[in-house]
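Here's the structure, in structure tokens; my notes come after.
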Ligand code: G1P
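Residue numbers (my numbering): 75 to 371.
As structure tokens, then:
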């Protein structure tokens with residue numbers, strides 16, 4: 075039987091303090107790259123990978139996310155009356171089938187591992203995906219889809235992986251590489267935010283995961299680690315200790331760290347340049363700006 079993944083967890087409870095004051099009243103996942111919020115990119119990627127059930131782990135102050143995925147009958151009627159079919163079409167991507175989306179609250183910010191654990195009853199006893207909307211990945215074939223296809227052969231747990239500069243490794247979960255098959259590695263360990271100089275490699279975990287339900291049990295056993303939080307990385311590493319398979323998948327695509335201001339700006343420029351309707355004007359603007367700056371130096 076083909077291995078399938080139909081549920082995905084979206085941890086969206088974070089306070090987004092790096093983007094204050096914007097995130098005082100707007101969840102960071104609603105912040106926009108060109109004209110789509112970060113969460114829309116994550117949902118589109120999940121859909122492309124065959125996900126049918128979407129589980130949001132939210133927190134206080136995040137109700138804008140629930141509204142975003144609700145129907146908007148008045149708005150739709152107004153657009154229909156005005157004959158704005160293109161906008162109606164754009165709105166369609168925000169519509170969810172009834173019952174396909176669930177929201178559960180993380181009452182205390184106790185880490186990514188704890189956030190995923192909050193969704194345990196909705197996940198049940200099957201493999202599931204986790205998508206961190208901060209990590210936006212531009213790719214011809216969406217990253218989670220690449221992983222789901224690889225997972226059909228491998229089973230086990232799989233995390234998206236990317237080489238990062240050695241000095242940046244301490245900002246990530248890092249893989250200890252057992253066997254390197256090129257597009258994929260088998261991990262023999264994983265460590266969350268290793269202190270500078272101690273990382274087992276420079277292959278970092280990026281925010282896409284396919285996990286076995288056993289990881290949820292492991293989350294019951296692990297203790298807080300990096301930053302005093304319950305880390306998902308530790309629960310996956312525990313899986314290796316128990317003899318399970320854990321793979322790091324070197325995805326094809328460009329990843330933007332939209333949890334940082336610099337990454338968010340880079341993504342904005344890149345997605346702006348990728349848009350046919352904006353490309354020419356935007357490129358010209360950037361070229362002019364750069365040449366003015368160079369002339370001033
Ligand atoms: C989280 C994970 C980390 C991973 C990173 C990818 O960290 O805990 O293992 O490498 O996402 O973006 P965060 O960036 O939330 O601190």
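Ideal Cβ positions, reconstructed from N, Cα and C, are used throughout, including at glycine.
Note that the structure is predicted; figures quoted are calculated from it, not measured.
**OP:** Have a look at residue 336 and residue 108 and give me their C-alpha separation to the nearest angstrom.
**Re:** Within the chain shown, residue 336 is the residue found at index 262, counting from 1. Within the chain shown, residue 108 is the residue found at index 34, counting from 1. When only Cα atoms are considered, residue 336 and residue 108 end up about 16 Å apart.
Original post:
So, is residue 349 buried or exposed, given that buried needs 16 or more other C-beta atoms within 10 angstroms?
Top reply: Position 275 of the chain shown holds residue 349. The residue in question, residue 349, is exposed, as its Cβ has fewer than 16 Cβ neighbours within 10 Å.
**OP:** Mind the definition here: the stretch 247 to 260 touches the stretch 319 to 332 only if three or more C-beta pairs lie below 8 Å; say whether that holds.
**Re:** Proximity of the stretch 247 to 260 to the stretch 319 to 332 meets the contact definition, three or more beta-carbon pairs being nearer than 8 Å.
**OP:** Measure the C-alpha to C-alpha separation of residue 341 and residue 197 and round it to an integer number of angstroms.
**Re:** Counted from its first residue, the chain shown places residue 341 at position 267. Counted from its first residue, the chain shown places residue 197 at position 123. Residue 197 has its alpha-carbon roughly 31 Å from the corresponding atom of residue 341.
Original post:
Beta carbon of residue 222, beta carbon of residue 123: below 8 Å?
Top reply: In the chain shown, the residue the question calls residue 222 occupies position 148. In the chain shown, the residue the question calls residue 123 occupies position 49. Yes, these two residues count as a Cβ contact at 8 Å.
Subject >> Cα-Cα separation between residue 168 and residue 176, rounded to whole angstroms >> reply: On the chain shown, position 94 is the one that residue 168 refers to. On the chain shown, position 102 is the one that residue 176 refers to. Going by the C-alpha atoms only, they are around 15 Å apart.
Subject >> Close-in-space but distant-in-sequence residues of the same chain around residue 210 (CB under 6 Å, 5 per side omitted) >> reply: The residue labelled residue 210 in the question sits at position 136 within the chain shown. If we look at residue 210 and ignore the five residues flanking it on each side, its Cβ neighbours are 115, 330, 332 and 341.
**OP:** Return helix, strand or coil for residue 246, following the three-state DSSP convention.
**Re:** On the chain shown, position 172 is the one that residue 246 refers to. Residue 246: coil per DSSP, three-state reduction.
**OP:** For the alpha helix (DSSP H) containing residue 179, list its first residue and its last residue.
**Re:** For the purposes of this step, residue 179 is identified with residue 105 of the chain shown, where counting begins at 1. Taken as a continuous stretch (DSSP letters only), residue 179 belongs to no alpha helix (DSSP H), being part of the beta strand (DSSP E) at 175 to 179.
Original post:
How many Å lie between residue 135 and residue 99 at the Cα?
Top reply: Counting from 1 along the chain shown, the entry for residue 135 is found at position 61. Counting from 1 along the chain shown, the entry for residue 99 is found at position 25. Roughly 7 Å between the two C-alpha positions.
**OP:** Please report how far the alpha carbon of residue 249 lies from the alpha carbon of residue 227, in whole angstroms.
**Re:** Your numbering for residue 249 matches position 175 in the chain shown. Your numbering for residue 227 matches position 153 in the chain shown. If you draw a straight line from the Cα of residue 249 to the Cα of residue 227, it comes to about 21 Å.
Subject >> Proximity to residue 276 [Cα-Cα], best of 242, 358 and 334 >> reply: Within the chain shown, residue 276 is the residue found at index 202, counting from 1. For residue 276, the closest alpha carbon among the candidates 242, 358 and 334 is that of 242.
Original post:
CB-CB under 6 Å to residue 101, same chain, minus the five flanking residues each way: which ones, in chain order?
Top reply: Counting from one through the chain shown, the residue named residue 101 turns up at place 27. Listed in chain order, the non-local C-beta contacts of residue 101 below 6 Å within the same chain comprise 136, 138 and 139, local neighbours out to five positions each way being set aside.
Original post:
Is there at least one non-hydrogen atom of the ligand G1P closer than 7 Å to the beta-carbon of residue 131?
Top reply: Indexing the chain shown from 1 puts residue 131 at position 57. No - the ligand G1P has no heavy atom lying nearer than 7 Å to the Cβ of residue 131.
Original post:
Excluding sequence positions up to five away, which residues of its chain have a Cβ less than 8 Å from the Cβ of residue 184?
Top reply: Locating residue 184 in the chain shown gives position 110, where the first residue counts as 1. Within the same chain, residue 184 has close Cβ partners 298, 303 and 304.
**OP:** Compute the minimum distance between the beta carbon of residue 279 and the heavy atoms of the ligand G1P, and state whether it is under 7 Å.
**Re:** Your numbering for residue 279 matches position 205 in the chain shown. Under cutoff, so the answer is yes.
Original post:
Taking Cβ positions, are residue 146 and residue 162 nearer each other than 8 Å?
Top reply: Residue 146 sits at position 72 when you count from the first residue of the chain shown. Residue 162 sits at position 88 when you count from the first residue of the chain shown. In this structure, residue 146 keeps its C-beta atom at 8 Å or more from the C-beta atom of residue 162.
**OP:** Could you name the residues that DSSP lists as bridge partners for residue 226?
**Re:** If you number the chain shown from 1, residue 226 lands on position 152. Bridge partners of residue 226: none, in fact.
**OP:** Return helix, strand or coil for residue 319, following the three-state DSSP convention.
**Re:** Against the chain shown, residue 319 aligns to sequence position 245. In the structure shown, residue 319 falls within a coil segment according to DSSP collapsed to helix, strand and coil.
Subject >> beta-carbon residue 305 near the ligand G1P non-hydrogen atom, thresh 7 Å >> reply: As a working mapping, residue 305 is identified with position 231 in the chain shown. Relative to the non-hydrogen atoms of the ligand G1P, the Cβ of residue 305 comes within a distance shorter than 7 Å of at least one.
**OP:** Check each candidate in 142, 201 and 103 and name the one with the smallest Cα separation from residue 82.
**Re:** Working through the chain shown from its first residue, we reach residue 82 at position 8. Put simply, of 142, 201 and 103 the residue whose alpha carbon is nearest the alpha carbon of residue 82 is 201.
Original post:
Taking residue 334 as the reference, which of 186, 112, 261 and 174 has the closest Cα?
Top reply: Here residue 334 corresponds to residue number 260 of the chain shown, with the count starting at 1. Ranking 186, 112, 261 and 174 by Cα distance to residue 334 puts 112 first.
Original post:
Which one or two residues does DSSP pair with residue 283 in a beta bridge?
Top reply: Within the chain shown, residue 283 is the residue found at index 209, counting from 1. Answer is 204 and 233.
Subject >> Closest Cα partner of residue 325 within the set 194, 97, 236 and 131 >> reply: Residue mapping note: residue 325 aligns to position 251 of the chain shown, counting from 1. When the alpha-carbon of residue 325 is set against those of 194, 97, 236 and 131, the nearest one is in 236.
Subject >> Cross-strand partners of residue 258 (DSSP beta bridge) >> reply: Taking the first residue of the chain shown as position 1, residue 258 is located at position 184. Looking at the DSSP assignment, residue 258 forms a beta bridge with 323.
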